[in-house]
Amino acid sequence: MSFPSDSKTTGVLPMAQTQPLYYTPGPPMYIGYPQGPTPQPPQRKSAGRRLLRALIFASFTWVLIHVLVATFRANGHWHWVHNDVALNDGDWDYDIPPGLTLEHCVQGDDWSEGDRTGFPYSSFTTFDVPLSSENIFLLSRGRLSAGSVKVITSPDQPEGSVKFVVVAKYHREEIRNLAKACLISRPKGQNGVGLFTPRWHRGGPRRREDMMHFETTVIFPEVSEGSAPLSIKSFETDVPNTVQSLEVLKIIFDAILLKGTNAPIGVQELSAVKGVIATTNGPIRGTFSTTTSLLLTTTNSPIQVFAGLESNGTHPSFVARTTNGLIEATVNLSSSSGEGGSFDVSTTTTNSPVYVTFPDAPVDSNLLLEAKTTNSPAKVFLHPTYEGSFDLQTSSVFRSELNVHHDVTDPSGKERKRDVQINTVGRGHTHGSVKWVEEDKKHESAGAVVIRTTNSPAVLDL
Numbered sequence: 005m006s007f008p009s010d011s012k013t014t015g016v017l018p019m020a021q022t023q024p025l026y027y028t029p030g031p032p033m034y035i036g037y038p039q040g041p042t043p044q045p046p047q048r049k050s051a052g053r054r055l056l057r058a059l060i061f062a063s064f065t066w067v068l069i070h071v072l073v074a075t076f077r078a079n080g081h082w083h084w085v086h087n088d089v090a091l092n093d094g095d096w097d098y099d100i101p102p103g104l105t106l107e108h109c110v111q112g113d114d115w116s117e118g119d120r121t122g123f124p125y126s127s128f129t130t131f132d133v134p135l136s137s138e139n140i141f142l143l144s145r146g147r148l149s150a151g152s153v154k155v156i157t158s159p160d161q162p163e164g165s166v167k168f169v170v171v172a173k174y175h176r177e178e179i180r181n182l183a184k185a186c187l188i189s190r191p192k193g194q195n196g197v198g199l200f201t202p203r204w205h206r207g208g209p210r211r212r213e214d215m216m217h218f219e220t221t222v223i224f225p226e227v228s229e230g231s232a233p234l235s236i237k238s239f240e241t242d243v244p245n246t247v248q249s250l251e252v253l254k255i256i257f258d259a260i261l262l263k264g265t266n267a268p269i270g271v272q273e274l275s276a277v278k279g280v281i282a283t284t285n286g287p288i289r290g291t292f293s294t295t296t297s298l299l300l301t302t303t304n305s306p307i308q309v310f311a312g313l314e315s316n317g318t319h320p321s322f323v324a325r326t327t328n329g330l331i332e333a334t335v336n337l338s339s340s341s342g343e344g345g346s347f348d349v350s351t352t353t354t355n356s357p358v359y360v361t362f363p364d365a366p367v368d369s370n371l372l373l374e375a376k377t378t379n380s381p382a383k384v385f386l387h388p389t390y391e392g393s394f395d396l397q398t399s400s401v402f403r404s405e406l407n408v409h410h411d412v413t414d415p416s417g418k419e420r421k422r423d424v425q426i427n428t429v430g431r432g433h434t435h436g437s438v439k440w441v442e443e444d445k446k447h448e449s450a451g452a453v454v455i456r457t458t459n460s461p462a463v464l465d466l
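Taking the working numbering as reference, the numbering of the sequence shown is continuous, increasing by one, and the terminal residue is 466.
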């Protein structure tokens with residue numbers, strides 16, 4: 005044992021080299037050792053062997069944890085799919101919108117067996133809705149309600165009704181049994197079909213084989229050649245995560261609303277007094293015509309359309325709105341009287357080009373146009389009948405470009421002269437006006453065209 009050398013021990017304990025007076029060393033102490041080979045120090049295992057053992061142990065531990073986690077997940081999946089108590093313990097419910105009445109539902113064994121195409125199993129059911137309904141509608145709710153909707157016409161469909169054909173595709177019958185398709189109604193003569201799957205408050209299906217896919221076909225009667233178009237009061241879809249396509253001919257909708265999320269909407273041909281086409285994260289494409297209003301809206305996707313606006317004493321408007329997606333719109337303006345008419349057009353996006361073209365427009369018509377984007381070109385091509393002001397603006401380091409076609413003849417046939425006034429305010433800003441001048445007559449037009457972008461060209465063709 006050793007002690008610190010401090011003032012408390014100095015002089016109390018003898019120093020190591022101090023011997024007693026008259027000390028005589030005795031004989032050396034003898035210690036006997038057993039006979040045999042001289043013992044060797046134990047040898048340490050090599051670093052390579054120690055590393056190998058550590059890797060084997062870590063691998064075994066990882067496999068064991070993986071097996072335990074997989075078993076836990078499998079047991080959890082089995083619990084919610086196959087345990088009847090779990091299916092009724094409050095973990096999920098159906099999202100039924102308020103004001104909706106479920107007239108009749110198909111669920112479980114009420115489904116009819118369908119063809120097995122794309123999925124291991126499929127079932128189907130059909131519903132008929134009166135064509136005279138104030139509003140014919142389709143909606144879906146629930147985590148497993150994604151799919152596709154196709155709206156068509158057929159000569160085989162009876163004149164007084166519209167048919168809904170619902171096909172459910174799935175991997176497990178237990179999953180199919182959770183879904184129900186219902187004939188539904190709302191107040192004031194609204195009739196339609198609803199697709200409902202559970203809304204889980206926690207957990208729920210995650211594996212591929214727990215998914216479902218609905219394919220719904222809405223069939224309107226098809227009128228014969230030479231007959232007037234079929235008139236529908238109102239048609240509506242509200243189907244999240246569902247691809248929608250409209251392939252109807254010779255139908256005029258007084259009002260139509262196609263609503264979805266995270267999927268495209270495609271229209272072969274649509275005529276409506278009022279129309280709204282709305283989705284998110286999916287493109288909108290097709291051919292549209294309206295006499296009152298048409299609104300197309302999406303996000304993060306393009307809008308590429310042909311739009312016809314007809315003024316029959318009305319003031320038609322067309323709005324196309326997206327973000328981070330191209331807008332490419334060809335807009336034809338017309339009037340039931342052959343001339344005049346007022347039209348509003350607005351096309352807005354961000355970080356993508358906007359191109360708007362007017363191949364036709366009535367003489368003496370009035371157009372208000374906004375074409376806006378950011379960080380991409382904005383280009384507008386006007387019909388020669390346009391009269392009014394124009395204002396092009398972009399960032400100062402880019403140019404605003406006005407292309408005037410001086411060889412254009414008077415679209416009215418009166419041999420009027422075209423007067424174009426141009427004012428340039430810096431490199432990125434140009435404004436002015438254009439009109440057709442007839443001798444001895446004063447003519448003022450209230451048309452206005454505004455083109456805006458940043459960090460890219462703004463271009464107008466007159």
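Every residue, glycine too, gets a C-beta built ideally from N, C-alpha and C. This structure is a prediction, so every number in the text was calculated from the model and none was measured.
Task: Buried or exposed by the 16-neighbour rule on C-beta atoms within 10 Å, applied to LEU56 - done: By the neighbour-count rule (16 or more Cβ atoms within 10 Å), LEU56 is not buried but exposed.
Open item on the list: For PRO162, list the residues DSSP reports as bridge partners.
Closed with: Beta-bridge pairing links PRO162 to no other residue.
Open item on the list: I'd like to check one pair, VAL277 with PHE257: are the Cβ atoms closer than 9 Å?
Closed with: In this structure, PHE257 places its C-beta atom within 9 Å of the C-beta atom of VAL277.
Task: Closer than 8 Å: ARG456 CB and nearest the ligand COA heavy atom - done: No copy of the ligand COA appears in this structure; indeed no ligand is present at all.
- [ ] Label ALA450 either buried or exposed according to how many other C-beta atoms from any shown protein chain fall within 10 Å of its C-beta, with 16 as the threshold for buried.
- [x] It counts as exposed.
TODO: Determine the DSSP secondary structure at GLU177, reduced to helix, strand or coil.
DONE: In this structure, GLU177 counts as helix in the three-state DSSP scheme.
Open item on the list: Rounded to the nearest angstrom, what separates GLY230 and LYS237 at their Cα positions?
Closed with: When rounded, the distance between both Cα atoms is 22 Å.
Open item on the list: Can you give me the C-alpha to C-alpha distance between PRO159 and PRO101, rounded to a whole angstrom?
Closed with: If I take the Cα positions, the gap works out to 34 Å.
Task: Assigned exposure category for ILE179 - 16 Cβ within 10 Å defines buried - done: Counting other Cβ atoms within 10 Å of its Cβ, ILE179 reaches 16 or more and is therefore classed as buried.
Open item on the list: Taking 8 Å as the limit between beta carbons, can you name the residues of its chain near ARG431, skipping five residues before and five after?
Closed with: Closer than 8 Å at the Cβ level, and outside the excluded window around ARG431, lie SER400, VAL401, PHE402, ARG403, SER404.
TODO: State the Cα-Cα distance for the pair VAL360 and PHE385, rounded to the nearest angstrom.
DONE: When rounded, the distance between both Cα atoms is 6 Å.
- [ ] Hey, could you find the ends of the beta strand (DSSP E) THR301 is sitting in?
- [x] Going by DSSP, THR301 is part of the beta strand (DSSP E) stretching over 288-301.
Task: Coil, strand or helix - GLY151 by DSSP - done: Note: GLY151 maps to strand in three-state DSSP.
Task: Segment contact, 8 Å Cβ cut-off, at least three pairs: the stretch 421-437 with the stretch 360-372 - done: Touching, no, given that fewer than three Cβ pairs across the two stretches are closer than 8 Å.
TODO: Check whether the Cβ atoms of ALA282 and LEU298 sit closer than 9 Å, and answer yes or no.
DONE: No.
Task: Own chain, CB closer than 8 Å to ARG147, minus 5 neighbours either side, in chain order - done: The residues are THR201, PRO202, ARG203, TRP204, GLY208, PRO209.
Task: Range of the contiguous beta strand (DSSP E) that encloses GLU442 - done: Careful: GLU442 lies outside any beta strand (DSSP E) and carries neither H nor E.
- [ ] For the stretch 125-134 and the stretch 161-169, state whether three or more C-beta atom pairs, one from each stretch, are separated by less than 8 Å.
- [x] Yes: at least three Cβ pairs fall under 8 Å.
- [ ] Go ahead and pull the three-state DSSP assignment for SER238.
- [x] Here SER238 sits in strand by DSSP.
Task: Cβ contact check for the stretch 181-192 and the stretch 238-255: 3 or more pairs under 8 Å - done: Contact annotation: the stretch 181-192 does not touch the stretch 238-255, with fewer than three C-beta pairs closer than 8 Å.
TODO: Have a look at LYS421 and LEU274 and give me their C-alpha separation to the nearest angstrom.
DONE: Spanning the two alpha carbons is a distance of roughly 39 Å.
TODO: Evaluate GLN194 with the Cβ neighbour count: other Cβ atoms within 10 Å of its Cβ, from every protein chain shown; 16 or more gives buried, anything less gives exposed.
DONE: Burial is judged here by how many other beta carbons sit within 10 angstroms of a residue's own beta carbon; GLN194 has at least 16 and is buried.
Task: Nearest to THR221 (by Cα), restricted to the options ALA382, ASP99, HIS319, GLY151 - done: Per the C-alpha coordinates, the member of ALA382, ASP99, HIS319, GLY151 positioned closest to THR221 is GLY151.
- [ ] Note down the Cα distance separating LEU142 from ASP414, rounded to an integer number of angstroms.
- [x] The alpha-carbon separation between LEU142 and ASP414 amounts to approximately 50 Å.
Open item on the list: Let me check understanding here. Comparing Cα to Cα, which of THR326, ILE188, SER137, HIS410 lies closest to SER235?
Closed with: Nearest to SER235 by alpha-carbon distance, out of THR326, ILE188, SER137, HIS410, is SER137.
TODO: Buried or exposed for PHE61, please, with buried defined as at least 16 other CB atoms from any protein chain shown within 10 angstroms of its CB.
DONE: Counting Cβ neighbours within 10 Å, PHE61 comes out exposed, since fewer than 16 surround it.
Task: Beta-ladder partner(s) of ARG456, from DSSP - done: Paired residue(s): LYS376, GLN397.
Open item on the list: Give me, in chain order, the residues of the same chain whose beta-carbon lies closer than 7 Å to that of SER305; leave out the 5 immediate sequence neighbours on both sides.
Closed with: Taken in chain order, the residues that qualify are ASN285, GLY286, PRO287, THR326, GLY329.
- [ ] Under 6 Å Cβ to Cβ from ASN427, same chain only, skipping five residues before and after it: list those, please.
- [x] Excluding sequence neighbours, ASN427 sits near HIS435, GLY436.
TODO: Give the straight-line distance between the Cα atoms of TRP440 and ASP423, rounded to the nearest whole angstrom.
DONE: Computed Cα separation, rounded: 6 Å.
- [ ] Classify ILE331 as buried or exposed, calling it buried when 16 or more other Cβ atoms lie within 10 Å of its own Cβ.
- [x] Buried, by the Cβ-count rule.
- [ ] Could you tell me the distance, in whole angstroms, from the CA atom of SER116 to the CA atom of ARG145?
- [x] Rounded to the nearest angstrom, the two C-alpha atoms are 21 Å apart.
Open item on the list: Just to confirm, is the Cβ distance from THR398 to ALA333 under 9 Å?
Closed with: Their beta carbons are not under 9 Å apart, which means THR398 does not touch ALA333 by this criterion.
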